[in-house]
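These notes are about the structure you will find just below.
Numbering (my numbering), first residue to last: 4 to 304.
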């Protein structure tokens with residue numbers, strides 16, 4: 004694959020080298036075979052992709068590839084934003100991980116060779132970024148696909164990472180079941196003068212959540228609007244009803260579910276409520292959120 008880089012701008016690929024097993028070794032071997040025009044930068048710690056992407060912007064790379072799942076993509080985009088490089092560098096995606104929702108949203112193939120072809124020859128697209136200012140410290144973090152508070156955020160905190168490597172998405176399901184056994188504080192969401200309360204609040208930039216499940220049917224990556232889905236009450240006795248609605252892409256039609264669309268919002272809670280973005284824990288409420296329209300350059304299928 005190296006010859007494609009002759010006369011082209013170099014590409015930086017950021018990836019997590021800790022994955023084990025034959026599939027992971029094959030993936031790493033493919034990365035190492037990309038050629039001299041491609042520089043590999045492995046993460047060495049959790050969250051390390053942020054600093055690597057920031058450095059890649061300052062080093063002049065015009066294409067920065069996140070090789071991993073949605074969490075890796077989130078780190079890379081936050082690093083690009085921190086370096087004020089959203090206009091200077093573009094994002095490429097090589098799907099690898101337990102969840103690849105953003106890649107599905109962009110119609111990027113999961114097969115390595117086809118995904119790499121999108122990096123080399125795909126069309127450039129401008130997409131929105133969601134932002135949240137989290138906690139009393141007002142830490143800023145952006146997301147490309149999804150953020151969640153309440154049950155969703157608590158489940159991410161409880162994920163057994165060994166189980167995640169073995170079972171993929173099912174690790175989140177098991178963690179969610181554990182979280183349902185806890186007392187979940189009420190979340191207050193304020194959007195354009197309207198106040199809604201619930202135990203789970205999801206914020207979508209795209210349509211999908213947890214795979215190809217459509218939680219935000221009206222969402223578009225470039226419309227300058229965030230879509231919010233708030234579940235007023237979540238409990239174990241309704242788990243099969245929730246699961247059925249998810250599989251049929253009908254969560255938003257359920258009783259006790261509110262759907263809102265806005266360019267900005269606020270969230271607060273009566274107790275400690277964790278927040279996740281792209282499947283990684285990032286902070287706690289209170290939070291202020293907003294959208295930046297068409298600021299991320301991304302290579303899409």
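Note that CB positions come from ideal geometry on N, CA and C, so glycine has one too.
None of the values given here were measured: they were computed from a predicted structure.
Residue 34 and residue 68 have their C-alpha atoms some 11 Å from each other. Under the criterion of beta carbons closer than 8 Å, residue 160 and residue 289 do not qualify as touching, at roughly 18 Å. In this structure, DSSP gives residue 297 an extended state, which the three-state scheme calls strand.
Runs of the beta strand (DSSP E) lying entirely within the region 202-274, each at least 3 residues long, are 203-207, 229-234, 260-265 and 267-272 in chain order. Take residue 139, set aside five residues on each side of it, and the residues of its chain with a beta-carbon closer than 8 Å to its own are 289, in chain order. Looking only at 298, 268 and 39, the smallest Cα-Cα distance to residue 230 is reached by 268. Spanning the alpha carbons of residue 157 and residue 283 requires a straight line of approximately 10 Å.
Classified as exposed, residue 196 has fewer than 16 neighbouring CB atoms from the shown chains inside 10 Å of its CB. DSSP, reduced to helix, strand and coil, places residue 134 within a strand of the structure shown.
Contact check for residue 44 against residue 76 fails: the beta carbons are separated by 7 Å or more. Taken in chain order, the complete beta strand (DSSP E) segments of 3 or more residues contained in the region 55-104 are 66-71 and 93-98. Under the three-state reduction of DSSP output, residue 26 falls in the helix class. Selection 27, 108, 181 and 215 evaluated against residue 301 yields 108 as nearest (Cα-Cα). Rounded to whole angstroms, the separation of the alpha carbons of residue 190 and residue 219 is 20 Å. Residue 116 sits exposed, since fewer than 16 C-beta atoms from the chains shown fall within 10 Å of its C-beta.
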